[in-house]
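Notes to accompany the following structure.
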Amino acid sequence: MEPEAGDRGPAFRSLHSRCGEMKLRKRKSTLCVNTQAKRSRRRDLLGENIYLVLFTIALRMFNCFLVQTSFVPDEYWQSLEVAHHMVFSYGYLTWEWTERLRGYTYPLIFASIYKILHLLGKDSVQLLIWIPRLAQALLSAVADVRLYSLMKQVGKQEVARWVFFCQLCSWFTWYCCTRTLTNTMETTLTVIALSYYPLGGSRSRSSSEWK
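Going by the numbering used here, the sequence shown opens with residue 1, and the numbers climb by one from there.
What follows is the structure, given as structure tokens:
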């Protein structure tokens with residue numbers, strides 16, 4: 001004769017409670033893991049800590065407004081003047097453009113910005129000057145963060161931190177990284193490309209394939 005549910009002994013009740021507790025603990029641990037994963041995703045931006053990224057962007061924006069001098073004519077003739085001519089149909093073009101020796105990819109970025117400002121009726125002189133520089137500062141901040149990621153891939157964490165610190169403190173980078181120069185954009189794109197396809201990793205893969 002089997003005992004009824006109310007007559008089951010303390011051993012059975014203890015086993016039942018433990019099984020229930022184990023199930024609850026498993027569900028709780030799964031929930032904690034999912035929550036931590038979501039939090040880590042929220043804290044990441046460009047593959048790095050979001051606070052590091054926001055700090056770098058803020059620093060480059062400050063960098064942009066602090067540097068108010070002219071460096072070389074090409075920061076206008078290679079980009080802004082060409083973009084202005086593309087949108088507003090007037091402006092001076094140097095001989096490289098009249099002879100069609102240069103590509104329009106880089107000026108097209110700023111021409112798009114000018115066109116949006118024109119359509120919004122916000123194409124004032126100050127905005128035409130500063131918005132492209134702010135855009136270049138933002139791209140330079142992205143390159144700074146990706147340089148930090150690159151150094152973590154090819155070296156140690158401590159090395160990456162020192163390289164990142166030197167990059168932010170470099171006076172020449174500070175002086176040029178927010179200028180609308182073709183060389184500035186080339187540097188930015190090179191760093192971003194290397195962060196995704198580091199040369200060291202490529203060489204190790206190719207050497208292992210030949211073995």
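Built from N, CA and C at the ideal position, the CB exists for glycine as well.
{"Asked": "Span of the alpha helix (DSSP H) around C186", "Found": "Before going further, note that residue 186 is Glu rather than Cys in the sequence given. Looking at the DSSP string, the run of the alpha helix (DSSP H) that includes E186 is 182 to 196."}
{"Asked": "Residues near H84 in its chain [Cβ-Cβ closer than 6 Å; skip 5 each side]", "Found": "G91"}
{"Asked": "As assigned by DSSP and simplified to three states, the class of D74", "Found": "helix"}
{"Asked": "7 Å CB neighbourhood of L181 in its chain, flanking five on each side removed", "Found": "D74, E75, Q78"}
{"Asked": "For Y196 and E48, believed in contact at Cβ under 8 Å, the rounded distance", "Found": "The pair is not a contact, with the Cβ atoms about 14 Å apart (cut-off 8 Å)."}
{"Asked": "D44 (DSSP reduced to helix, strand or coil)", "Found": "strand"}
{"Asked": "Spatial distance of W95 from L150 (CA atoms)", "Found": "39 Å"}
{"Asked": "Test item: CB-CB of T240 and N63 under 7 Å", "Found": "In the structure as shown, the chain begins at 1 and stops at 211. Residue 240 is therefore absent and cannot be evaluated."}
{"Asked": "Three-state class that DSSP yields for V33 in the structure shown", "Found": "At V33, the pLDDT of 45 sits below 50, so the modelled position is not reliable; the number obtained from the coordinates is stated separately. In the structure shown, V33 sits in a helix (DSSP, three-state: H, G or I)."}
{"Asked": "Bridge-paired residues (DSSP) for N49", "Found": "D44"}
{"Asked": "Closest by C-alpha distance to T98, when choosing among T105, V82, L108, I109", "Found": "V82"}
{"Asked": "Segment contact, 8 Å Cβ cut-off, at least three pairs: the stretch 134 to 147 with the stretch 166 to 178", "Found": "yes"}
{"Asked": "Opening and closing residue of the alpha helix (DSSP H) in which L93 lies", "Found": "Here L93 belongs to no alpha helix (DSSP H), and DSSP marks it neither H nor E."}
{"Asked": "C-alpha distance - R161 paired with D44, whole-angstrom precision", "Found": "17 Å"}
{"Asked": "Distance CB(M86)-CB(A137) smaller than 7 Å", "Found": "no"}
{"Asked": "W130 to S70 span [Cα, whole Å]", "Found": "13 Å"}
{"Asked": "Cβ neighbours of T56 in the same chain (closer than 8 Å, five flanking residues each side left out)", "Found": "A141, D144, V145, L168"}
{"Asked": "M185 and Y104 closer than 7 Å at C-beta", "Found": "no"}
{"Asked": "Local conformation of L199 per DSSP, three classes", "Found": "helix"}
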